[in-house]
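Some notes on the structure that comes next.
There are 2 protein chains.
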Amino acid sequence: MDVHTGMKGISKEDLAAAHDADLAIEAEEGVHFKHAWADPQSGMVYCLSEAPSAEAVRRIHEKTGHPASEIHPVPLSV
Amino acid sequence: MDVHTGMKGISKEDLAAAHDADLAIEAEEGVHFKHAWADPQSGMVYCLSEAPSAEAVRRIHEKTGHPASEIHPVPLSV
Numbered sequence: 251m252d253v254h255t256g257m258k259g260i261s262k263e264d265l266a267a268a269h270d271a272d273l274a275i276e277a278e279e280g281v282h283f284k285h286a287w288a289d290p291q292s293g294m295v296y297c298l299s300e301a302p303s304a305e306a307v308r309r310i311h312e313k314t315g316h317p318a319s320e321i322h323p324v325p326l327s328v
Numbered sequence: 251m252d253v254h255t256g257m258k259g260i261s262k263e264d265l266a267a268a269h270d271a272d273l274a275i276e277a278e279e280g281v282h283f284k285h286a287w288a289d290p291q292s293g294m295v296y297c298l299s300e301a302p303s304a305e306a307v308r309r310i311h312e313k314t315g316h317p318a319s320e321i322h323p324v325p326l327s328v
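Just so you know, the sequences run in chain order A and B.
Each residue of the first sequence is one higher than the one before, counting from 251 in the working numbering.
Each residue of the second sequence is one higher than the one before, counting from 251 in the working numbering.
Next up, the structure:
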């Protein structure tokens with residue numbers, strides 16, 4: 251799970267465009283971005299991916315111009 | 251999306267028990283907890299729910315003994 255802050259006012263189109271940009275190059279790092287959720291009011295965005303490492307996620311998000319504020323592996327889920 | 255901090259060392263069983271406790275009473279507030287993801291190393295837990303309000307989520311998590319550190323409505327998703 252990675253978290254972006256400071257995305258206040260993000261639109262559905264912005265979110266889709268950012269997600270599509272990640273999907274376009276994610277294979278370079280063996281990452282797959284599965285979902286993203288955004289709160290335009292607070293500017294928080296959460297992205298869930300399957301990835302070999304947090305670093306791999308960090309590199310994809312940096313290349314596509316929206317670096318993550320935090321990246322946390324989430325090995326447990328229900 | 252709500253976030254819990256300070257859950258270092260959480261186990262798969264702990265996460266499942268907490269989630270089940272939420273599911274058991276979520277209808278009181280018209281909430282449905284869909285997924286939760288945890289990082290035992292950093293102690294971060296993320297919960298995704300459908301809910302009428304952040305306050306409704308806050309009340310369920312408080313009643314089940316694991317208050318959320320942050321709750322952000324996420325009206326946008328991909």
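By construction, the Cβ of each residue, glycine as well, lies at the ideal position given by its N, Cα and C atoms.
No experiment lies behind these values; they were computed from the predicted model shown.
- Relative to chain A, which residues along the segment 271 to 293 of chain B have a C-beta separation below 8 angstroms, given in chain order? His285, Ala286, Trp287, Ala288, Asp289, Pro290, Gln291 and Ser292
- Task: Over the uninterrupted alpha helix (DSSP H) stretch that includes Ala318 of chain A, give me the two end residues.
- Result: Walking along the first sequence from the start, residue 318 of chain A turns up at place 68. Per DSSP, Ala318 of chain A belongs to no alpha helix (DSSP H) and is neither H nor E.
- In its own chain, which residues sit with a C-beta less than 8 angstroms from the C-beta of Gly256 of chain B, not counting the 5 before and 5 after it? On the second sequence, residue 256 of chain B is found 6 positions in, with the first residue counted as 1. Contacts found: Gly293 and Ser319.
- Item | Span of the beta strand (DSSP E), counted from its first residue to its last, around Ala268 of chain B | As a first step, residue 268 of chain B is located in the second sequence; it is residue number 18 there, counting from the start. Premise fails: Ala268 of chain B lies in the alpha helix (DSSP H), Lys262 to Ile275, not in any beta strand (DSSP E).
- Can you name the residues of chain B whose CB is closer than 9 angstroms to the CB of Pro323 of chain A? Position 73 of the first sequence, counted from the first residue, corresponds to residue 323 of chain A. Neighbours of Pro323 of chain A on chain B, chain order: Asp289, Gln291 and Ser292.
- Length of the line joining the Cα atoms of Phe283 of chain B and Asp264 of chain B: Along the second sequence, read from residue 1 onward, the residue named residue 283 of chain B stands at position 33. Along the second sequence, read from residue 1 onward, the residue named residue 264 of chain B stands at position 14. Rounded to the nearest angstrom, the two C-alpha atoms are 16 angstroms apart.
- Query: Could you give the C-beta distance for Ala202 of chain B and Val295 of chain B, rounded to a whole number, given that I count them as a contact under 8 angstroms?
  - Reply: Absent from the structure is residue 202 of chain B, since the part of chain B shown begins at 251 and ends at 328.
- Message: I need the straight-line Cα distance from Val202 of chain B to Ile321 of chain B, nearest angstrom please.
- Response: Outside the displayed range of chain B (251 to 328) lies residue 202 of chain B, so it cannot be described from this structure.
- Item | Residues that Ile260 of chain B contacts on chain A, provided the C-beta gap is smaller than 9 angstroms | Counting from 1 along the second sequence, the entry for residue 260 of chain B is found at position 10. Neighbours of Ile260 of chain B on chain A, chain order: Leu326.
- Message: Out of A:Leu326, A:Ser327, A:Lys258 and A:Val324, which one is the CA nearest neighbour of Pro290 of chain A?
- Response: On the first sequence, residue 290 of chain A is found 40 positions in, with the first residue counted as 1. Closest by alpha carbon: A:Lys258.
- Item | Of the residues B:Ala267, B:Ile260, B:Asp272 and B:Ala266, the one placed nearest Glu312 of chain B, counting alpha carbons only | Sequence index remark: in the second sequence, residue 312 of chain B carries index 62 (1-based). Each of B:Ala267, B:Ile260, B:Asp272 and B:Ala266 was checked against the Cα of Glu312 of chain B, and the nearest Cα belongs to B:Asp272.
- Query: Under the DSSP definition of a beta bridge, which residues are partnered with Met294 of chain B?
  - Reply: If you number the second sequence from 1, residue 294 of chain B lands on position 44. BP columns for Met294 of chain B point to B:Asp289.
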